[in-house]
Amino acid sequence: MRYQLLIAGALLWMLPLSASGGPEDPSGESSSAGSLAPRRWLVQDLRIATRDLLRQKGEAGQHLLVCRDGFSMAVAGLQLAAQSAVLRIDVVGADAEDAEATRYQVYIYLSGLVSQEQAAGLRKAGLEVASVEQGKATVLRFDLDGEIFVTADRTETGSPEGLLLYRRALEAFDSGSFDGPSESESPPSRGAASLLGPRRAGPAAGHTLSWAPLTEAPLTIEITREADVEVTTIMGRLYAWWQQQDAQKTGSTVYELEADNLVLWRYPTDANRVGTDPMPGQRQGVGEIYVSGDVHIRQGQRTIRANQLYYDLRRQRGLIDDAMMRTFDPLRNIPIYVRADRLRQVAANEFEAHGVTVTTSEFHTPQLSVTAEKVHITDMVADDERADSAAVDAGFDAQMDGVRFKYYDTTIFGLPSLRPNLQRPDVPLRSAKVGHSRTYGTSVETQWFLSRILGLREPEGTDSTLSLDYYGKRGVGGGIDIEYERQAYFGRLLGYMIADDGTDRLSRSQKNVEFSEDVRGRLKFQHRHFLPFGWQLTAEASYLSDENFLQQYYRSEFNVGKEQETLLHLKRIEDNWGLSLLGKARINDFLDKVEEMPSAQFHWTGQSFLQDRLTFYSNNQISRYRYRYNEEAPSRGSEEFFMYTMTRNEVDMPLAVGRVRIVPFVAGTFGYEDGGGFQSALDDSPAERQDAVWIGEGGIRMSAPSFWRVYPDVQSRFWDLNQLRHVVSPQLTAVAYTHSHKAVEQRDVLDLGIYQRWQTKRGPVGPDGQRTVDWLKLNLDFVWVSDPGDASAGPDQILWNQPFIPLANPSGSVLLPRDRRATGMFGPRRDYIGTDAALRLTDTTSVLADMHYDMRSGVFDQINVGFSRLCWPNLSYYVGSRYLRRVVSGRERGSNAVTFAATYVIDPRYTAVFSQQYDFDYGEGTRSDITLIRRYHRMNLAMTLSADESLDEQSFVVSLWPQGVPELAFGLRRYTDLGVSETY
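Read in order, the letters of the sequence shown correspond to residues -19 to -1, 1 to 965 in mature numbering (1 follows the signal peptide of the UniProt record, and there is no 0).
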């Protein structure tokens, strides 16, 4: 929710955004400009570059740039560089009707002395040059007729008043130490404060305001004068409106107002005030307004109600008493209400609010709300960034004091101050979960925005989280999770600790597992840096207190996440080659790991030679390995370092026979390993150890062009078919191997692939016709191998998108690693048929399936089928089956699991969600979940009962979240999408 943005918007959109937003001043340049001699314009573009830029925009047509880290500029064919610089840029004639938009008066302060040759060149080009601070700095001044381009690695918007560089530039611009008046203009007549310092914006031109009565009773209008100021008082229920141009001057916004009384002020010097108003019920050049009595102000979907309001349209100062604003968030599909005792605009970009309440409820006493005694908002968004909503949110600096989070009138918790980020929910609580389970007992898990807890503004590109948890059967834990990203690097720091006095439950067979440490936890650091010349550096460190901590507290990461490693990886990829260096060490002594001290790899892909007749591929690796075993393991192998090297080189000869693509190829692989060597035959039986081996291979890859046939007469309402197009794409791969020893013997492979699509047309007939969809996809792979393995091999698959398979597999925590050195694993081991299919019966019904059939034994190794359907508008369900044949010797059964899940909207208040998985081979359920969701006014309540038979674990969780704000979910978040506002 963008609560602070809405509070500021109560004044921002209702009143002028800037002085430049009003009508243009027809008087043109100031009177002082008219006395200047004809300007000497430098008709060039100005280009500026810096690493760190601070910018501030003053009144209309005025810009300030502070280059704090490095500065270079190019203009008129000249280049200058300095350690830092300050630039003052004035748009010349910004208020004139005939003004050139690209004319500027530029002042530049450089920290450093310009050489005499450079100064002479600058003066010759029309720039004024002055040396200040006893030759330690230089000031430039010139008139520019061209564009200004600024490039910065880092940009910030704010005030430079506290910078020493800014103060020195202020004094230098005010010193008047230029080489006398130039022909372009007379000496400056304004002081430094008028050039750079904060100053009160002069009044802009007023607006044209119109009104009309809302009732049959006539309006009472009185016009008086006070010191040449015309005051118009209008009494009676009226409707008024005015139009305001946006900051980019590309469009305008209409503001509407209803009130019982209206007072207008017009000034005699207003540029938009003419002698006679064009019609009754209208005033031109209105500078200030005051309204009272049941005030309603509207702009688009936003509405403000108040008792009274005063605003100076020209100087951007305003006050609203007893205000209530209603707006609508289209992304969340919810209304947002902001109430305040008093709203003030104290400067062009500063706002204050007192007695603020923010809620999504229209009731006077909302169910859930956030209150604050005082809110101060600074708008730091440049005009050219307002079209970007993310930039607008990030550009607001908000400070909230006396914050309370309330349920009706009851305060849930409070904070003395809060500094929120408008790009995220405006409360420090990120998520909360309350539940009860057999392993953890009653638990409360919370996550907080760390920067808001500390009252700090989070750096750009940083996301920090504080975790605080309580587990009744385990203890109290906490940690931090910081993610950061910049243009040249990104990374993450994750840490967590818990005083654990319970026992671990890892599976049905591993219950009440003891651990040695009373304080358990983890620390993980990941960083990737993009270096010059295409280099990339990755650093990673992962510490765990014990071997079971990750599986117990981070089960998802343990099952499918990246391996916990400590490494340093440097690589460079350019064009079609890549080079990498890797160093990897073990710091958790209870884990089996492969250390690499170091490894180097070089890959060269698709290099053409002999006038593109041949193509070369090369993959090379040299490594210094060491196996590190669990120090508590009863038997451990050697932990000495050993050398491993491998190179595989392939030459292809692409040919075209008609439309058929044929690629014959030959390849050779050499491997050397002086640790355990190569010691396994193709059938996994022991073989005589070999340290140095080689493998030769030759083969062919073929792909025929796709061919198709159209069936225009196919029509079926049941199958949702309108014509049918059948597309077939065949492919063939054949490889034969030779070897130096049976320790590296390989299986010859033949792969025939047939990839098919049946396409039809669906949807309404539009200008481009109906859309084409893939009604059915059916891919078939027929694979034959020589000397096949036994039936325990399992559902291997051939992946020819990566034909290079390393002889060594250093990843994983199984020692010895399962690769060709110690096993027969290298490519597919049995003849099989592989199939995957996708059938879109309708736009609401789909079937997905895949299958692996062992042609040698005549059995299915794996079958997966899934069916999903949406029955509009209240039911959606999924039925799936996964079959795995027994592949491990000695195991009684494989697995045949059926999954069913459904979501049913019982009525507008209640929704039920049910899911269950049952394994027929084991005759037991795997997991069951049932959830009941109750919708209240702007609030959702969910109760979830879960039973995980794989862990012998049961749990009950209550979830609570505001409508449209899933970020504030209290409990599980998996069902928050079911509590959104209806959009149909």
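Glycine is no exception: its CB is placed at the ideal position from the N, C-alpha and C atoms.
Applying the criterion that 16 or more other CB atoms from any shown protein chain within 10 Å of the CB defines a buried residue, is residue i buried or exposed?
i, result
"D124", "buried"
"H918", "exposed"
"A480", "exposed"
"T132", "exposed"
"V384", "buried"
"L636", "exposed"
"T392", "exposed"
"residue 977", "Nothing can be reported for residue 977, as the shown portion of the chain is limited to -19 through 965."
"residue 977", "With the chain covering -19 to 965 only, the question about residue 977 has no answer from this structure."
"K117", "exposed"
"L591", "exposed"
"W853", "exposed"
"Y236", "buried"
"D800", "buried"
"N600", "buried"
Tell me which residues share the same chain as residue i and place their Cβ nearer than 6 angstroms to its Cβ, disregarding the 5 neighbours each side in the sequence.
i, result
"H417", "T423 and F937"
"residue 967", "The question about residue 967 has no answer, for the chain in this structure spans -19 to 965."
"G460", "S448, G476 and Y477"
"S163", "Annotation note: pLDDT 37 at S163 (below 50); position unreliable, no value reported."
"D382", "E354, K355 and S398"
"G502", "Y477, M478 and S526"
Compare the C-alpha of residue i against each of the options and name the closest.
i, options, result
"D835", "G127, T816, S604 and E528", "T816"
"A379", "I393, I358 and Y388", "I358"
"L796", "S876, R69 and A614", "A614"
"P347", "P316, L35 and R323", "P316"
"G639", "Y389, A118 and A685", "A685"
"A789", "G847, M806 and D842", "M806"
"V210", "R218, S191, G266 and P199", "G266"
"K552", "H44, F394 and S561", "S561"
"A208", "Y248, R509 and Y864", "Y248"
"T586", "Y598, N493 and R467", "Y598"
"H188", "I270, L757, L932 and M306", "I270"
"D768", "G808, P748 and S191", "G808"
"W739", "P787, A662, R728 and R821", "R821"
"R670", "A304, G677, P711 and E654", "E654"
"V766", "Y292, Q727, E426 and S773", "Q727"
Among residues of its own chain, excluding the 5 on either side of residue i, which ones have a beta-carbon nearer than 8 angstroms to its beta-carbon?
i, result
"R752", "K742, R743 and G744"
"S273", "A240, D241, N242, N288, Q289 and L290"
"L595", "S589, V632, D633 and M634"
"residue 1005", "This structure gives no information on residue 1005, because the portion of the chain shown stretches from -19 to 965."
"F130", "D26, L27, R28 and I29"
Can you give the Cα-Cα distance for residue i and residue j, rounded to whole angstroms?
i, j, result
"G679", "S896", "51 angstroms"
"A717", "D732", "12 angstroms"
"R279", "L238", "6 angstroms"
"R811", "R837", "7 angstroms"
"Y220", "Q263", "12 angstroms"
"G458", "V500", "9 angstroms"
"G559", "P579", "17 angstroms"
"residue 976", "D910", "It is not possible to answer for residue 976, since the shown part of the chain is limited to -19 through 965."
"R567", "D482", "28 angstroms"
"I681", "P645", "4 angstroms"
"V708", "V647", "32 angstroms"
"D33", "Y465", "19 angstroms"
"R21", "D126", "10 angstroms"
"Q64", "D556", "36 angstroms"
"H510", "P440", "18 angstroms"
From the DSSP secondary-structure annotation, give me the bridge partner or partners of residue i.
i, result
"I202", "I215"
"Y864", "I844 and N877"
"R682", "V644 and T714"
Using a Cβ-Cβ cutoff of less than 7 angstroms, which residues in the same chain neighbour residue i once the five nearest sequence positions on both sides are dropped?
i, result
"Q507", "G472, R473 and E521"
"A62", "F52 and S53"
"residue 969", "Residue numbering for the chain in the displayed model covers -19 to 965; residue 969 lies beyond these limits and cannot be assessed."
"Q86", "D71, V73 and D124"
Output yes if chain B places a C-beta closer than 8 angstroms to the C-beta of residue i; else output no.
i, result
"D126", "Protein chain content of the structure displayed is limited to a single chain, and chain B is not contained in it."
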